[in-house]
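First residue of the sequence shown? That's 1 in my numbering, and the numbers climb one at a time after it.
Below is one structure; the comments refer to it alone.
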Amino acid sequence: MLSVLGIESTAHTFGVGVVKNGKVLANIKRTYTTNKGGIIPLDAAKFHQKNKYEIYFEALNAAKIQESEVEVISFSQGPGLSPCLLEGMKFAKELSKKLKKPLVPVNHCIAHLEIGELTGAKDPVMLYTSGANTQIIAYASGKYRVFGETLDIGVGNFIDTFARYAGIGFPGGPVIQKLAEKSRDYIEIPYKVKGMDIALSGILTNLKQKLESEKFRLADLAYSMQETVFAMLVETAERALAHTGKKELLLGGGVACNSRLQEMCKIMCKERGAKYFCPENSLLVDNAAMIAFLGEIMFKSGIKIPHRDLDKIDIKPRQRTDEVDVSWK
Ligand code: ATP
Ligand code: FE2
């Protein structure tokens, strides 16, 4: 049985995971954070470069395997921040050459979806809400298709920017959730669903103005922001369920760690008789176990780049979910 190593480096997280026969043996990661301001791609890439060996050996230890037992190396090819993706790919190629093992390039968004299999989801609509990405994805006619998405910024980046205006460091999502739990006073903010898509930048401007006016408590704004924006996400996810006729909702991405979003999704699923699936937090946020997990599935279907052909492989910072040829399904 083969051990598949996965490398994740699309943004702020550098991770190495090991999967063997669909079982996660290791999922080690370290995340670049800041006290002030957002993520600086070149700094995040430096962070990855500095931490990669430690995380790699930690993952081998956790999986209780030797380097020589790694049979396949998979890595996040995109989408993501170029300097960060490059660090991951360089490391994947270095290992591929050293161990003389093939590479499997993996789409990060599809990995978020496929790891949902571990929760029992078989053919879900995924509400994928992370920093850079906000999409509703489902498999239809040979591809993973995007049924709805943000028209401007990802919901995680939206929350982090709001948090930054309020003087909270990165990532802001968990702090905003705690603040929101302290309030029940709803303040009217814009609700922007356009067909299957949502728009967030106007809401961000509105929240910024409200913060600057100093007329509102931060907790009330955090609460109102969550209630409004999560309702927009749930509405579009529900519409995708209706449109595709699928009966399962799967959550993915870091924002799905939010217990209020989880609760709202559960209620919607219950009301329309759909099954609700949500991986544990360590598999919701950016992680390398999901890259190894999908890498193994793809490798078993015959997809691999021999270690002699590494020059043919490059990062795909803007790779779209529906561009990927899902030949393994
Ligand atoms: P991707 O590369 O897929 O776009 P990402 O690099 O942004 O993802 P993730 O780890 O999936 O990384 O998600 C991070 C985001 O999740 C951050 O924006 C963070 O604020 C948000 N987040 C984490 N926990 C919570 C929470 N409890 N509530 C709301 N947002 C959260
Ligand atoms: Fe992600």
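Glycine is no exception: its CB is placed at the ideal position from the N, C-alpha and C atoms.
The structure presented is a predicted model; accordingly, all values stated were derived computationally and were not measured.
What is the C-beta distance between V106 and M232, in whole angstroms, given that I count them as a contact (C-beta under 8 Å)? As a position in the sequence shown, residue 106 is number 106, starting the count at 1. As a position in the sequence shown, residue 232 is number 232, starting the count at 1. Not confirmed; about 29 Å, so no contact.
Using a threshold of 7 Å, is the CB atom of A288 nearer than that to any non-hydrogen atom of the ligand ATP? Stepping through the sequence shown from its first residue, residue 288 is reached at position 288. False, no ligand heavy atom lies under 7 Å from that Cβ.
What residues sit near the ligand ATP, counting only those whose C-beta is closer than 5 Å to one of its heavy atoms, in chain order? Spelled out in chain order, the answer is T10, A11, S130, G131, A132, N133, G156, D160, P171, G173, P174, Q177, G253, G254, V255, C257, N258, V285, D286.
For E149, which beta-bridge partners are listed by DSSP? Along the sequence shown, one-based indexing puts residue 149 at 149. Answer is Q135.
Using 10 angstroms around the beta-carbon of P79, count the other beta-carbons present and answer buried if the total reaches 16, otherwise exposed. Mapped onto the sequence shown, residue 79 falls at position 79. So P79 ends up on the buried side.
What do you reckon, are the CB atoms on T236 and I267 nearer than 8 Å? By 1-based counting over the sequence shown, the position of residue 236 is 236. By 1-based counting over the sequence shown, the position of residue 267 is 267. Cβ distance not < 8 Å, so T236 and I267 don't count as in contact.
Output yes or no for whether 8 Å exceeds the beta carbon distance between S282 and S301. For the purposes of this step, residue 282 is identified with residue 282 of the sequence shown, where counting begins at 1. For the purposes of this step, residue 301 is identified with residue 301 of the sequence shown, where counting begins at 1. In this structure, S301 does not lie closer than 8 Å to S282 by Cβ.
Three-state class that DSSP yields for F216 in the structure shown: Here residue 216 corresponds to residue number 216 of the sequence shown, with the count starting at 1. Coil, per DSSP.
Near E212, what residues of its chain come up, given a Cβ to Cβ distance below 7 Å and the 5 sequence neighbours on each side ignored? In the sequence shown, counting from the first residue as 1, residue 212 sits at position 212. Cβ neighbours of E212 beyond the five flanking positions: none.
Same chain, Cβ closer than 8 Å to H324, five either side skipped, listed in chain order: Taking the first residue of the sequence shown as 1, we reach residue 324 at position 324. At residue 324 the sequence reads Val, which differs from the His that was named. Within the same chain, V324 has close Cβ partners N107, I110, K143, Y144.
Using only CA atoms, which one of D152, F216, P174 lies nearest to K192? Translated into the one-based positions of the sequence shown, residue 192 becomes position 192. Of the listed residues, the one whose Cα sits closest to K192 is D152.
Anyone know if the C-beta pair for M196 and F230 falls short of 8 Å? On the sequence shown, position 196 is the one that residue 196 refers to. On the sequence shown, position 230 is the one that residue 230 refers to. Cβ distance not < 8 Å, so M196 and F230 don't count as in contact.
Between S9 and E87, is the Cβ-Cβ spacing less than 8 Å? Position 9 of the sequence shown, counting from 1, holds the residue named residue 9. Position 87 of the sequence shown, counting from 1, holds the residue named residue 87. Against a cut-off of 8 Å, the Cβ pair of E87 and S9 comes out as a contact.
Just to confirm my understanding: we take D220, look at its own chain, exclude 5 residues before and 5 after, and list those with CB closer than 6 Å. What are they? Numbered from its first residue, the sequence shown carries residue 220 at position 220. Around D220: S183, D185, I187.
Examine the Cβ distances between the segment 124-139 and the segment 255-270 and report whether three or more of them are shorter than 8 Å. Counting Cβ pairs under 8 Å, three or more are found: they touch.
DSSP three-state assignment for L118, whether helix, strand or coil: Position 118 of the sequence shown, counted from the start, is the residue given in the question as residue 118. Three-state DSSP puts L118 in a helix.
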